[in-house]
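Chains as they are written, first to last, in the working numbering: chain A, 5 to 254; chain B, -11 to 299. The block underneath contains the structure these notes are about, expressed in structure tokens.
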Amino acid sequence: MKVLVAVKRVVDYNVKVRVKADGTGVETANVKMSMNPFDEIGVEEAVRLKEGGKATEVIAVSLGPTQCAETIRTALAMGADRGIHVQTDVELQPLAVAKLLKAVVDKEQPQLCILGKQAIDDDANQTGQMLAALLGWSQATFASKLVVNGDGTANVTREVDGGLETIKVKLPLVMTTDLRLNEPRYASLPNIMKAKKKPIEALTPDALGVDPAPRLKTLKVVEPPKRKSGVKVKSVAELVDKLRNEAKVI
Amino acid sequence: MTNLVLVEHDNAALKSATLHVVPAAQKIGGEIHLLVAGQNCRAVAEEAAKIPGIAKVLLADDAAYANRLAENLAKLIVGLAPNYSHVLAATTATGKNVMPRVAALLDVQQISDISAVDSADTFTRTIYAGNALATVQSADKIKVITVRPTAFEAAAATGGSAAIETVAAAGETGLASFVGQELSKSERPELTSARIVISGGRGMQSGDNFHMLDKVADKLGAAVGASRAAVDAGFVPNDYQVGQTGKIVAPDLYIAVGISGAIQHLAGMKDSKVIVAINKDEDAPIFQVADYGLVADLFQAVPELEQALSK
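Written out as structure tokens, the structure is:
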């Protein structure tokens, strides 16, 4: 079974983003970029499926500007076999990403697509579900455990609001990762070197027959209101007193 | 304009998250219809009909919706959607799972987790773990929206008497089936709707130590939460997680214990009315958002707090 993983290049999770003074977005120039953390979990799961003999090939796909190739290299260094880079400088919103991924899926015919449950930049949490919809496939979101059965089905344990839920789904499947699915490996130096020789195919939205134009218009981006700074209390007794008599919340 | 709101429930009772979506629909304007899809869930529809200001409740009672599998539920909603200008759900595990599937089938770019309605086509939402607020405008014919429950005051649960209309099921897709669930058993209030939340972080050092927080929670009638660091360390299950990729809470009182205050955690709790931080590191970023900060060893302060609350 072929596995396709989608990897997004995002502002690194340790960076405190700044809103641009003109209110058009956040500052991304000269900011450290990394693979979206949930996508790392996706790559790890795909590579483990291959190591466990369940997957035959792992393809890492990224969409966006030239630098996305670096994100694909990271996935290749973790163990993916080859990459596909859909190159575009257009702002990509989840529906467009899902359409582009569908076109890649139509071409590659994987049995399983793994995506992160959400990207830490737009926090949309949509793309996996949209891809499943466009393909007419089953979906298993927020996965914390995947068991691929021999009979063309998989059991997926999902993180839901009150705990865990297990569903049985037909393959082909789109799965989105949650935190506890696995702990992604660090790429070793030899594997980083090896990854440089792995192929990355370059495609364009045009070649895939997809119009990636954004649907939502961003009117403005502003900083959220700041909280007023509070006070330090000296003791638990003082804290309880303040909560009872000043804040009146207990 | 007519709004369709997907009701969150467990076939027996309506979940409070839905009460927070109704005001968002009211702000958009026009009629509001509620959709109750489940199995043997007429009681939920009757409960939904009591919410004031609802024009009607649609009830789809069928085995296909017993566990709200996304494939079946999306098919039902897509069939109903052409009658509506807006389709809304709460940003919950169910809403997040189903709505993007609906949006893609309608060829609509969903607007996720809105925190304000600026007009019928313009909405505000947070991006980058709450470090920026984006105002976005949709030109799609049907707007598919998930609503952040903590950003809207709850509608009243009683006082209305909407008609209940049965709608036909849209059929079973056969793509997925429900195997089982393991829900955390707790006598305490639900994290996202609790009036008081006490959360622990990496500083708790072990899952056992969370029992200290349980005791304080029992005194206050609070829910217990955790930072991602505590979940990653295996101290508590993932459904405790408060933050950018976990649950968003905004209680009257949030007590952060042994939590440093990474931006990803702040994204999930900084709209709380009163924030208390207990941490031994006086430079911890959590103190920058805390109304009351206590620099102390939590292993002394938490038992002391429990004692003080008994007085």
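We put the CB at the ideal spot given by N, CA and C, even for glycine.
- Each of A:125, A:42, A:230 and A:91 was checked against the Cα of residue 204 of chain A, and the nearest Cα belongs to A:91.
- Annotation for residue 63 of chain A: the continuous beta strand (DSSP E) segment containing it runs 61 to 68.
- Residues of chain A with a Cβ closer than 8 Å to the Cβ of residue 248 of chain B do not exist; the shortest Cβ-Cβ separation is about 13 Å.
- When the beta-carbon positions are compared, residue 171 of chain A and residue 126 of chain B stay at least 8 Å from each other.
- Against residue 98 of chain A, the close residues of chain B are 88, 97 and 98, in the order they occur along the chain (beta-carbon pairs closer than 8 Å).
- Excluding residues up to 5 positions away in sequence, 2, 6, 22, 23, 24, 32 and 36 lie with their Cβ nearer than 7 Å to the Cβ of residue -5 of chain B in the same chain.
- Scanning A:148, A:167 and A:215 for the CA closest to the CA of residue 98 of chain A turns up A:215.
- When DSSP states are grouped into helix, strand and coil, residue 288 of chain B belongs to the helix group.
- Chain order gives the chain A residues near residue 166 of chain B as 171, where near means a beta carbon separation below 7 Å.
- Within the same chain, and ignoring the five residues on either side of residue 44 of chain B in sequence, the residues whose Cβ sits closer than 6 Å to its Cβ are 21, 150, 151 and 153.
- Collapsing the DSSP output to three states places residue 126 of chain B in a strand.
- For residue 128 of chain A, same chain residues with a beta-carbon under 7 Å away, outside a window of 5 residues either side, are 98 and 122 in chain order.
- Those residues of the segment 133 to 162 of chain B placed with their C-beta closer than 7 Å to a C-beta in chain A do not exist.
- For residue 239 of chain A and residue 198 of chain A, the gap between their C-alpha atoms comes out near 58 Å.
- Residue state for residue 142 of chain A is assigned as strand, using DSSP reduced to three classes.
- For the pair of segments examined, the segment 169 to 183 of chain B was found to touch the segment 161 to 170 of chain A: the number of CB pairs separated by less than 8 Å reaches three.
- Listed along chain B are 62, 89, 92 and 93, each with a C-beta nearer than 7 Å to that of residue 137 of chain A.
- The C-alpha of residue 101 of chain A lies about 7 Å from the C-alpha of residue 67 of chain A.
- With respect to residue 4 of chain B, residue 142 of chain B sits close: the two C-beta atoms are nearer than 8 Å.
- The Cβ atoms of residue 105 of chain B and residue 16 of chain B sit closer than 8 Å to each other.
- Residue 186 of chain B: member of the beta strand (DSSP E) spanning 184 to 188, first to last residue.
- Minimum Cα-Cα distance from residue 80 of chain A among the listed residues A:202, A:132 and A:237 corresponds to A:202.
- Per DSSP, residue 15 of chain A is one residue of the beta strand (DSSP E) stretching across 13 to 15.
- Per DSSP, the continuous beta strand (DSSP E) segment holding residue 111 of chain B begins and ends at 110 to 115.
- Of all alpha-carbon atoms in B:12, B:57 and B:293, the one lying nearest the alpha-carbon of residue 162 of chain B is that of B:57.
- Here residue 70 of chain B is exposed. Its C-beta has fewer than 16 other C-beta atoms within 10 Å.
- No residue range can be given for residue 42 of chain B, since it is assigned to no alpha helix (DSSP H) and is classified by DSSP as neither H nor E.
- By the neighbour-count criterion, in which a residue is buried when 16 or more other Cβ atoms sit within 10 angstroms of its Cβ, residue 116 of chain B is buried.
- Less than 8 Å separates the beta-carbon of residue 223 of chain B from that of residue 194 of chain B.
- Of all residues in the segment 115 to 127 of chain B, only 115, 116, 117, 118, 119, 120, 121, 122, 123, 124, 125, 126 and 127 come within less than 9 Å of chain A when Cβ atoms are compared, listed by chain position.
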